[in-house]
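Which chain is which? The protein sequence lines are A and B, in order. Heads up, my numbering is the position in the first sequence plus 143, with the first residue counted as 1. Heads up, my numbering is the position in the second sequence plus 9, with the first residue counted as 1. Down below is the structure, laid out as structure tokens.
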Amino acid sequence: MIAGAAAIAGIGATEFSKDSGRSELRLAVEAVRAALDDAGLQPSDVDGLVTFTMDDNAETAVAREIGAGELTFLSRIGYGGGAACAVVQQAVLAVATGVARTVVCYRALNERSGRRFGQATMAPGLDASWHYPMGLATPAAMVAMVARRYMHDYGATTEDFGRVTVAARRYAATNPAAWFFGRPITLDDHQASRWIAEPLRLLDCCQESDGAVAVVVTSASRARDLRRPPVVIAAAAQGSGPDQFTMTSYYRDDMGALPEMGVVGRQLWSQSGLTPGDVRAAVLYDHFTPYVLLQLEELGFCGRGEAGHLIASDRLPINPNGGQLGEAYIHGMNGIAEAVRQIRGTAANQIAGDGPVLVTAGTGVPTSGLILSAA
Amino acid sequence: MAESIEEAAHRIAAAGPSPARVARDPVNMPAIRDWLAAIGDTNPVYERKGLAPPAMIQVWTMPGLLGFRDPADPLGAMSAVLDEAGFTSVVATDCAQTYHRYLREGETVAVTGRLTDVIGPKRTALGEGWFFTTESTWVVGDEPVAGMRFRILKFRPGTARPAGPVSPPIRPVIGQDSAFFWDGVSAGELRIQRCGDCGALRHPPGPACPRCGALKPEYAVASGSGRIHSYVVHHHPPLPGRRSPVVVALVDLDEGVRMVGEVLGVRPDEVRIGDEVRALFADGLPVWRPAGQVVLPPFSLEVTPTVVVSTALATRDFQDVHHDRDAAVRRGSKDIFLNILTTTGLVQRYVTDWAGPGAVLSGIAIRLGAPCYPYDTLTFTGTASGGAVTVSGRTAGGEHVSGTVRVAS
């Protein structure tokens with residue numbers, strides 16, 4: 144059983160910037176140490192480390208730098224930002240089976256000052272050869288293809304996408320940790336921003352960031368004895384859809400959709416026994432705005448084609464940290480940290496209530512999700 | 010403190026349209042003949058009917074060799090501001106002309122202009138500079154006969170970015186399971202994987218049939234017809250080996266599979282989901298064109314120094330960079346180069362050579378890229394769809410010009 148087996152006992156992060164001036168390994172070390180401090184644990188307590196396959200910091204290197212001793216669990220998840228919640232699921236599986244006792248999940252990247260993901264450079268593998276040489280060579284363009292079809296099928300507009308950014312920037316404006324702190328935008332600003340890959344504008348794309356985030360996972364019972372109130376992992380799921388590609392799942396009958404997130408959603412609701420109506424806030428992976436709409440539909444917050452109305456109604460608080468559009472792009476890991484703060488009641492933009500918070504990971508790829516709740 | 014470039018731009022733009030400046034000479038056949046000869050345009054209609062080629066519109070109001078800058082002319086005024094600030098070199102980047110009618114021999118035109126926008130400073134491949142756009146209207150008496158949006162880059166000589174390696178286009182990685190497809194592209198066939206057991210068609214291909222499990226991949230040759238299922242218009246960041254915007258579509262092939270490919274010969278704002286497209290091959294890739302589009306025969310021009318100089322003079326453009334090699338080099342160019350009035354004229358000639366002497370053009374909009382130097386071979390290609398002809402002119406140095414010509418009749 145996953146539900147309730149484990150808890151997040153600590154979170155840590157570096158500052159979010161455009162040029163950290165430090166190595167990615169150092170960022171990883173700073174975030175991991177901060178998360179351990181937050182939990183009231185020592186590096187010597189760590190026996191498991193999990194990260195993304197895209198992370199350039201080996202578990203061994205992080206373990207050496209923080210001064211951890213023996214490790215019994217080392218794991219990595221692929222598919223870019225789709226790994227964000229899946230690394231926590233790995234930790235839950237390790238803790239629940241007794242393979243490890245204290246697992247730290249981390250992601251550290253100099254995405255703005257180092258290798259920028261938005262540039263048109265060929266991805267490895269044969270699949271990329273059906274898209275990159277043809278001029279479909281950036282994540283924004285790959286999402287735009289789905290977004291255009293979604294607009295065609297459901298009458299969604301660029302304003303529907305823009306309202307996602309406006310909401311994110313409104314939250315970021317009052318989150319001191321956000322890059323766009325104090326800098327809200329209007330829908331007109333969104334509409335005036337330049338095309339990146341039509342139908343996506345600059346302000347449909349998340350920012351590029353340097354930074355690191357780490358979370359400490361341990362058993363729910365042990366977490367109760369640690370420094371912070373435990374944030375229980377009520378559900379943790381990973382999902383891949385039929386005929387799945389990485390960012391280019393264009394060959395399914397219905398390509399204006401994210402069925403892999405449906406796979407994640409069904410598991411989250413079934414593991415936790417919750418429904419979308421129980422969720423206090425959703426932290427949805429927002430590398431590109433259209434996929435926030437599609438996620439709401441796949442997760443059952445509304446019907447197909449209705450997410451634009453849901454966003455406009457402002458009924459469901461989404462990304463109260465400002466998301467990756469407003470706070471920082473730490474490959475989804477900062478969203479998990481925000482969900483933890485919401486459960487603890489320590490968020491910059493605290494959402495009222497004591498209900499659970501849902502978090503998702505990168506979309507358009509095999510993805511993952513979590514539901515976090517108070518003990 | 011002196012007026013900033015932004016303040017000057019605001020002042021000049023706020024002044025609105027300049028007073029009409031009258032052409033030095035009426036529309037006359039000697040100038041038309043020289044222009045036709047320099048451009049190589051043998052269309053007899055101009056001489057027979059006493060008409061001026063539409064792409065000559067700007068020629069009539071050029072200031073001439075001894076011309077001075079009219080202080081009221083916004084193009085001249087903005088240029089002077091930028092000269093003063095050290096941005097002394099100039100290239101035209103965009104020109105969109107609209108022709109309400111052709112001018113007749115003996116008519117005298119006048120032009121008014123206004124400054125519409127100024128953007129900068131920008132880092133460009135040529136150097137640090139400012140872009141500005143003017144709008145001109147030509148009138149005969151009170152009758153507007155033509156209009157133009159003209160965009161210029163004024164840059165600081167000697168500030169060009171060191172030419173980085175030109176990134177080659179992204180090439181496909183070819184593996185054992187996909188080689189048949191790329192062999193097909195080489196052979197001019199669009200191949201779709203077909204299961205050797207159950208006959209299921211599939212793209213992208215793989216070693217196993219997802220329907221029946223057979224490891225017996227074969228292929229069928231597609232008809233090359235399809236419809237656009239979805240599409241994107243890529244603007245940014247730059248794609249290696251391509252010039253933005255790039256239209257990339259997901260095409261529903263008639264055979265029932267989907268395939269991604271660039272759509273050529275369309276304006277980004279013309280593409281629609283559901284549009285019929287036809288496959289062809291370019292640069293080792295399958296690409297798509299709107300069904301029913303006509304491909305113009307290519308035309309190659311050997312650009313001699315005489316071509317550059319004679320066209321510059323025939324367009325009454327006496328800027329030294331178009332006839333004086335030493336001056337051009339001093340200004341940061343490797344040699345003299347074609348002026349934009351000539352490029353516009355060559356585009357006009359290419360389209361009317363194809364469309365026939367009876368064709369009447371209602372507009373030419375071009376964007377300039379790589380300069381065209383003496384000893385370049387400038388090759389024009391084009392496609393026609395409805396009343397629009399999309400034209401590209403390339404040299405070994407890259408795309409010199411791209412644009413659209415509107416044919417009214």
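Ideal Cβ placement from N, Cα and C applies to all residues, glycine included.
- Under DSSP, Q202 (chain B) forms a beta bridge with B:R211 and B:Y228.
- Contact of S401 (chain B) with chain A is not assigned, every C-beta pair being separated by 8 Å or more.
- Apart from sequence neighbours up to five positions away, the residues of its chain that approach T389 (chain A) with a beta-carbon distance below 7 Å are Y222, D270 and V508, ordered along the chain.
- At a cut-off of 8 Å between beta-carbon atoms, R298 (chain B) makes no contact with chain A.
- Using a C-beta cut-off of 8 Å, the region 356–368 of chain A makes contact with the region 173–190 of chain A, since at least three inter-stretch Cβ pairs fall below that distance.
- About 7 Å separates the beta carbons of V269 (chain B) and Y393 (chain A), which is inside the 8 Å limit, making them a contact pair.
- Judged by their CB atoms, L436 (chain A) and A377 (chain A) are not nearer to each other than the 8 Å cut-off.
- P402 (chain A) places its beta carbon less than 8 Å from that of P385 (chain A).
- Exclusion of the five residues before and after D43 (chain B) leaves A323 as the residues of its chain whose Cβ lies within less than 6 Å of its Cβ.
- A495 (chain A) counts as exposed, since fewer than 16 other beta carbons sit within 10 angstroms of its beta carbon.
- At a C-beta separation below 7 Å, I179 (chain B) has these neighbours in chain A: M265, Y275, P276 and A280.
- When rounded, the separation of the alpha-carbon atoms in M277 (chain A) and F189 (chain B) is 18 Å.
- In this structure, T194 (chain A) and R250 (chain A) form a Cβ contact; the two beta carbons are roughly 6 Å apart against a cut-off of 8 Å.
- Taking 8 Å as the CB threshold, R200 (chain B) stays off the interface with chain A.
- Per the C-alpha coordinates, the member of B:C207, B:S234, B:G222 and B:L224 positioned closest to L199 (chain B) is B:S234.
- In the DSSP assignment, G382 (chain A) falls within the unbroken beta strand (DSSP E) covering V374 to G382.
- Per DSSP, reduced to three states, the secondary structure at G147 (chain A) is coil, with no helix or strand assignment.
- If you look at Y108 (chain B), you'll find it in the beta strand (DSSP E) that goes S98 to Y108.
- Cβ-Cβ separation between T361 (chain B) and V303 (chain B): approximately 15 Å, too far for a contact (criterion under 8 Å).
- S195 (chain B) counts as exposed, since fewer than 16 other C-beta atoms from the protein chains shown sit within 10 angstroms of its C-beta.
- If you check each beta-carbon in the region 235–259 of chain B against every beta-carbon of chain A, the ones closer than 9 Å belong to H238, S239, Y240, V241, V242, H243, H244, H245, P246, P247, L248, P249, R251, P254, V255, V256, V257, A258 and L259.
- Separation of N52 (chain B) and G372 (chain B) (C-alpha to C-alpha, rounded to the nearest whole angstrom) is 18 Å.
- When DSSP assignments are scanned along the region 327–396 of chain A, the uninterrupted stretches of beta strand (DSSP E) that are 3 or more residues long and fall wholly within it turn out to be 338–341, 353–362 and 374–382.
- In this structure, the alpha-carbon of A321 (chain B) lies about 18 Å from that of G378 (chain B).
- Pairing G301 (chain B) with S394 (chain B), the inter-Cα distance amounts to about 7 Å.
- With fewer than 16 other beta carbons inside 10 angstroms of its own, L224 (chain B) counts as exposed.
- Counting along the chain, C228 (chain A) sits inside the alpha helix (DSSP H) bounded by residues A227 to A239.
- Membership of R313 (chain A) in the alpha helix (DSSP H) is indicated by the continuous run T301 to A315.
- Contact between T102 (chain B) and L162 (chain B) holds, with the beta-carbon distance rounding to 5 Å and staying under 8 Å.
- Counted as a single uninterrupted DSSP element, the stretch harbouring V256 (chain B) is not any alpha helix (DSSP H) but the beta strand (DSSP E) occupying residues V255 to L262.
- With a minimum length of 4 residues, the unbroken runs of alpha helix (DSSP H) contained wholly in the region 150–231 of chain A fall at 167–182 and 202–209.
- Non-local C-beta neighbours of A229 (chain A) in its own chain, meaning closer than 6 Å and more than five positions away in sequence, comprise I220, Q381 and S511, ordered along the chain.
- If you look at T390 (chain B), you'll find it in the beta strand (DSSP E) that goes T386 to S394.
- Straight-line measurement puts the Cα of R292 (chain A) at about 19 Å from the Cα of P254 (chain B).
- In the three-state reduction of the DSSP assignment, F324 (chain A) falls in the coil class.
- In this structure, the CA atom of L442 (chain A) is about 6 Å from the CA atom of G405 (chain A).
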